[in-house]
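For reference, the structure discussed in these notes is given below.
Chains as they are written, first to last, in this note's numbering: chain D, 1308 to 1366; chain W, 263 to 509.
In structure tokens, the structure reads:
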């Protein structure tokens, strides 16, 4: 470990706000990119099922 | 050799085959990206030595460099898929190209934002209009242009053709980004990793390589997830998709 205490680790020798904000923003963007296809997939599956049901009723 | 490559190409051209094989690859890719990224980033944040002149602010490198690399490779992938769309009219290439755009844009955005945050304590400014930064910003705009064009054209096939042309023309920007630090006098530092001799400490180098590999696996996972959605959307009339969702 490069840092003696946890507080040192957070402070990053005065560069804490820069390092942690960079990592934080990256985390948010990555999570958004993971969630987007998961949510989209759910919607798609529901839509395909709904369409199939309607077609069955019509025929 | 050529024949088997051709066969592989035709296999991957089939949405059903692509969907099946990526479904089997996904758990491995997820595991690989977690195993490479989590230790890589933890080591980079807490264990790698500080940089001699920049202190701890340099720790941004472990996301900045992978993001930059992926933003450029992602664009390359989109342009190559664009060529396949225009020459062979392959449906799978249309779907991959469309899926890559927002993901590539995200990584270009991460690269620019983390670079800006790194620049403040290092150069004393958030932004300069130097060749590296400007060409990277243009890459983000190219991605956004591709996304806008995809959204503006209703017919999927015409949208794919139009965006293919834009992505191929925009690929001129890639060598400009790569060599900008050599061709022009920029504030941005030259490449840290080179084939022959790297400019950084081995402990930093291996940490960075692990993060780069991990982010690439993550990128593959994201492209696959998004492309599979696109397949479900476009192939919803086919019997195998109906069977898959259980109708």
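Glycine included, C-beta positions come from ideal geometry on N, C-alpha and C.
Residues in the same chain with beta-carbon distance under 7 Å from residue 310 of chain W, minus the five sequence neighbours each way, listed in chain order, please. 465, 466, 469
Can you tell me where the alpha helix (DSSP H) with residue 1366 of chain D in it begins and where it stops? Premise fails: residue 1366 of chain D is in no alpha helix (DSSP H) and is neither H nor E.
Using a 10 Å radius around the Cβ and a threshold of 16 neighbouring Cβ atoms, would you call residue 329 of chain W buried or exposed? buried
Members of the stretch 296-324 of chain W near chain D, C-beta cut-off 8 Å: 303, 307, 308, 309, 310, 311, 312, 317, 318, 319, 321, 322
Going along the chain, which residues of its own chain have a beta-carbon closer than 6 Å to the beta-carbon of residue 316 of chain W, five neighbours each way excluded? 384
In the DSSP output, what is residue 313 of chain W paired with across the bridge? W:317
DSSP three-state call for residue 351 of chain W: helix, strand or coil? coil
Can you give me the C-alpha to C-alpha distance between residue 366 of chain W and residue 292 of chain W, rounded to a whole angstrom? 18 Å
Can you give the Cα-Cα distance for residue 509 of chain W and residue 455 of chain W, rounded to whole angstroms? 52 Å
Around the Cβ of residue 441 of chain W, are there at least 16 other Cβ atoms within 10 angstroms (buried) or fewer (exposed)? exposed
For residue 304 of chain W, count neighbouring Cβ atoms within 10 angstroms of its own Cβ and tell me buried if that reaches 16, exposed if not. exposed
When the Cα atoms are used, what is the spatial distance from residue 1356 of chain D to residue 507 of chain W? 7 Å
Validate contact between the stretch 472-490 of chain W and the stretch 273-291 of chain W using beta carbons, cut 8 Å, 3 pairs: yes
Apart from the five residues just before and just after residue 307 of chain W, which ones in its own chain have a Cβ nearer than 7 Å to its Cβ? 321
Identify the contact partners of residue 1314 of chain D in chain W, using a Cβ-Cβ distance below 8 Å as the criterion. Within chain W, no residue comes near residue 1314 of chain D; the closest Cβ sits about 13 Å away, beyond 8 Å.
Chain D within 8 Å of residue 372 of chain W, Cβ atoms only: yes
Take every Cβ of the stretch 324-338 of chain W, pair it with every Cβ of the stretch 470-479 of chain W, and state whether three or more of those distances are shorter than 8 Å. yes
Buried or exposed: which applies to residue 503 of chain W, given that a residue is buried once 16 or more other Cβ atoms fall within 10 Å of its Cβ? buried
Classification of residue 1345 of chain D by the beta-carbon crowding that lies within 10 angstroms, buried from 16 upward: exposed
Whole angstroms are fine: how far does the CA of residue 404 of chain W sit from the CA of residue 393 of chain W? 16 Å
Taking 8 Å as the CB-CB limit, is residue 1366 of chain D close to chain W? no
What does residue 1320 of chain D touch in chain W if you count any residue whose Cβ is under 8 Å from its own? 312, 317, 318
Can you round the beta-carbon distance between residue 354 of chain W and residue 275 of chain W to whole angstroms, since I take them to be within the 8 Å contact cut? 5 Å
Do residue 401 of chain W and residue 370 of chain W come within 8 Å of each other at the CB atom, strictly closer than that value? yes
Taking only three categories from DSSP, how would you classify residue 452 of chain W? coil
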